[in-house]
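Chains as they are written, first to last, in the numbering used here: chain C, 99 to 259; chain B, 9 to 213.
Ideal placement from N, C-alpha and C gives every residue a C-beta, glycine not left out.
Single-structure report; data block below.
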Amino acid sequence: MAKIIKIGMADLNVANCPDILQTAGLGSCVGVCLWDSITKIGGLAHIMLPYSTQARSVGNEAKFADTAIPLLVKQMENLGALRQRLVAKIAGGAQMFSFYSGNDIMRIGERNAEAVKETLAKLKIKLLAEDVGGNYGRTIEFYTETGKLYIRTINVGEKII
Amino acid sequence: MSAFLELTESQLDALREIGTIGAGNGATALSVMMGKRIHMTVPEIKIIPFTEVTEALGGAEQVVAGLFTTTTGEAPCNILFVLPIESARVLVDILMGRPLGTTAELDALDKSALAEVANVVSGAYLNSLSGFTKLDFIPSVPAIAIDMAGAILDTVLAQAGTIGDHALLLETEFSAIKEKITGQFFLLPEQGSLEKILESLGVTG
């Protein structure tokens, strides 16, 4: 029987087949899912901000793209995943509000998605699929058995990548 | 370690006090605007880890109308007004002079009416905050999103995320009992703003 493992904002977790990793209500945050197709080990991080280097203090490593993804890889390796086999799917990074002021926070979704992609490239993890941007929230479920990522929204339906 | 966790009891009291008066002004403005009596609760200060934020607000997937105002000035803050979608519809019915239960989908005009509510309520709140602190808070035009509560909050909190791992939410609940409208009002100080507000109130330690 598959368990659903829920992950909060600025948090991450790993799971073995057939468990399901879920994070609800991604706005400007980005959900990063990593998967090893042989061991069927999966990991999911709910990333809030692009780079830890821009923060006053790092504290929680799961919060930033550049620290969360390496941490997720490490936890997956501890479970027995092989780094060279890992592939990624990502979703989120929306712009929920539009302002005229050009306030930087309004671009945070876009910046999060960019930072996630850069970090994945640096770690040589192939990005298989993405559903990022737009102006709507997403709830995602990552199935460790198949590597499929289910995406639910309020206004634009469901999707599997 | 989050600076929010180091707040003293007297600082928390001061924040609660400005919350009470600010939200009171907001509620009065809303009452006048709607021609209905609006009740409010005593504000609560919530200092919670990001990982628990959406749960604390009744679930990440609940559909809400989020009305978001940022302020510029010496101590930038964000104001978020959250209404469950059912309450937003009733509020629009009242504002547009429609019989209760008429509004289904919110169109552009309905959304702009809601934005005006946020404008008036935030303005009243900020006026009192300004009166207390002698700091200027210049509000932006409110932005509106109708979506999952979690998605709205994570966007608003991403800004606070550079400070620490906790969010400080000064939360007040509003309700119009007869019309079954409920809503929450949040004040979220940005990095450095909380210190300035507390300093101006004379409660630095």
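Within chain C, the residues that V71/B reaches when beta carbons sit closer than 8 angstroms: The sequence position of residue 71/B within the second sequence is 63, counting from 1. Simply I252.
Which partner residues does C127/C have in the DSSP bridge list? Taking the first sequence and counting its residues from 1, one reaches residue 127/C at position 29. Paired residues: none, contrary to the question.
Look up G190/C in the DSSP assignment and say whether it is helix, strand or coil. Walking along the first sequence from the start, residue 190/C turns up at place 92. Note: G190/C maps to strand in three-state DSSP.
For D21/B and N127/B, what's the separation of their Cα atoms in angstroms? Walking along the second sequence from the start, residue 21/B turns up at place 13. Walking along the second sequence from the start, residue 127/B turns up at place 119. Approximately 27 angstroms between the Cα atoms of the pair.
Check the Cβ-Cβ distances between V100/B and every residue of chain C, and say whether any is below 8 angstroms. Reading the second sequence from its first residue, position 92 is the one you call residue 100/B. With a threshold of 8 angstroms between beta carbons, V100/B makes no contact with chain C.
Report the CB separation of F12/B from M146/C in whole angstroms; it is logged as a contact under 8 angstroms. On the second sequence, residue 12/B is found 4 positions in, with the first residue counted as 1. On the first sequence, residue 146/C is found 48 positions in, with the first residue counted as 1. F12/B to M146/C, Cβ: 16 angstroms. No contact.
Contact set between E60/B and chain C, taken where Cβ atoms lie within less than 9 angstroms: Position 52 of the second sequence holds residue 60/B. Within chain C, the residues near E60/B are G106, M107.
Could you check the C-alpha separation between R181/C and V214/C for me, to the nearest Å? Here the question's residue 181/C lines up with position 83 in the first sequence. Here the question's residue 214/C lines up with position 116 in the first sequence. Cα to Cα, R181/C sits roughly 17 angstroms from V214/C.
Name, please, each residue of chain B whose Cβ falls closer than 7 angstroms to the Cβ of F195/C. Against the first sequence, residue 195/C aligns to sequence position 97. Here the neighbours are F76, A151, A153, T163.
Starting from D164/C, trace the beta strand (DSSP E) both ways and give me its first and last residue. Within the first sequence, numbered from 1, the residue matching residue 164/C stands at position 66. Where D164/C is concerned, there is no enclosing beta strand (DSSP E), although the alpha helix (DSSP H) it sits in stretches over 163-177.
Any residues in the segment 118-136 of chain B with a beta carbon nearer than 9 angstroms to a beta carbon of chain C? Which ones, in chain order? If the cut-off is 9 angstroms between Cβ atoms, the segment 118-136 of chain B has nothing near chain C.
Is the beta carbon of G129/C within less than 7 angstroms of some heavy atom of the ligand COA? Annotation note on the ligand COA: not contained in the displayed structure, which lists no ligands.
With 8 angstroms as the limit, tell me which residues of the segment 186-212 of chain B have their beta carbon closer than that to any beta carbon of chain A; keep them in chain order. Absent from the structure: chain A. Protein chains present are C and B.
Could you name the residues of chain C that A116/B contacts, counting a contact when the two beta carbons are closer than 8 angstroms? Position 108 of the second sequence holds residue 116/B. Correct list: empty, because the minimum Cβ distance to chain C is about 13 angstroms.
Taking 8 angstroms as the threshold (C-beta atoms), are A143/C and A166/C in contact? As a first step, residue 166/C must be located in the first sequence, where it is residue number 68. As a first step, residue 143/C must be located in the first sequence, where it is residue number 45. In this structure, A143/C lies closer than 8 angstroms to A166/C by Cβ.
In chain order, what are the residue ranges of uninterrupted beta strand (DSSP E) at least 3 long that sit wholly in the segment 29-104 of chain B? 52-57, 71-81, 85-92
Consider the Cβ of C127/C: report whether some Cβ of chain B lies at a distance smaller than 8 angstroms. Position 29 of the first sequence, counted from the start, is the residue given in the question as residue 127/C. Cβ-Cβ to chain B under 8 angstroms: yes for C127/C.
Does the segment 25-32 of chain B come close enough to the segment 105-125 of chain B to have 3 or more Cβ pairs within less than 8 angstroms? no
Under 8 angstroms: do the segment 95-102 of chain B and the segment 232-244 of chain C share three or more Cβ pairs, one atom per stretch? No: the two stretches stay apart, fewer than three of their Cβ pairs being nearer than 8 angstroms.
Would you call the segment 101-112 of chain C and the segment 45-64 of chain B in contact, with 3 or more CB pairs under 8 angstroms? yes
Which residues share a DSSP beta bridge with P147/B? Reading the second sequence from its first residue, position 139 is the one you call residue 147/B. DSSP lists T79/B as partners of P147/B.
Name, going along the chain, the residues of the segment 230-257 of chain C whose beta-carbon falls closer than 9 angstroms to a beta-carbon of chain B. N233, Y234, G235, R236, T237, R250, T251, I252, N253
Check Y262/C in the structure and name its three-state DSSP category. Because chain C spans 99 through 259 in this model, residue 262/C falls outside it and cannot be assessed.
Any C-beta of chain B sitting closer than 8 angstroms to the C-beta of L83/C? Because chain C here runs from 99 to 259, residue 83/C falls outside it and cannot be looked at.
List, from N- to C-terminal side, the beta strand (DSSP E) runs of 3 residues or more that fit wholly inside the segment 167-207 of chain B. 174-184, 189-197
For L226/C, which residues in the same chain have their Cβ closer than 6 angstroms to its Cβ, ignoring the five residues on either side in sequence? In the first sequence, residue 226/C corresponds to position 128, counting from 1. For L226/C, where only same-chain residues beyond five positions count, the Cβ hits under 6 angstroms are V185, K187.
C-alpha gap between L15/B and P147/B, whole angstroms: One-based indexing of the second sequence puts residue 15/B at position 7. One-based indexing of the second sequence puts residue 147/B at position 139. Rounded to whole angstroms, L15/B to P147/B spans 26 angstroms at the Cα level.
How many angstroms separate the CA atom of E198/B from the CA atom of N86/B? Reading the second sequence from its first residue, position 190 is the one you call residue 198/B. Reading the second sequence from its first residue, position 78 is the one you call residue 86/B. The straight-line gap from Cα to Cα measures roughly 7 angstroms.
Can you confirm whether L119/C, when its beta carbon is compared against all beta carbons of chain B, has any partner nearer than 8 angstroms? For this step, residue 119/C is matched to residue 21 along the first sequence. No - not a single Cβ of chain B is within 8 angstroms of the one on L119/C.
Member of I53/B, T190/B, M156/B whose CA lies at the smallest distance from the CA of H174/B: Mapped onto the second sequence, residue 174/B falls at position 166. For H174/B, the nearest C-alpha among the options comes from I53/B.
With a CB to CB cut of under 7 angstroms and the five nearest residues on each side skipped, what residues in its chain are close to A31/B? By one-based count along the second sequence, residue 31/B stands at place 23. Within the same chain, A31/B has close Cβ partners M48, P51, Y133, T180, F193.
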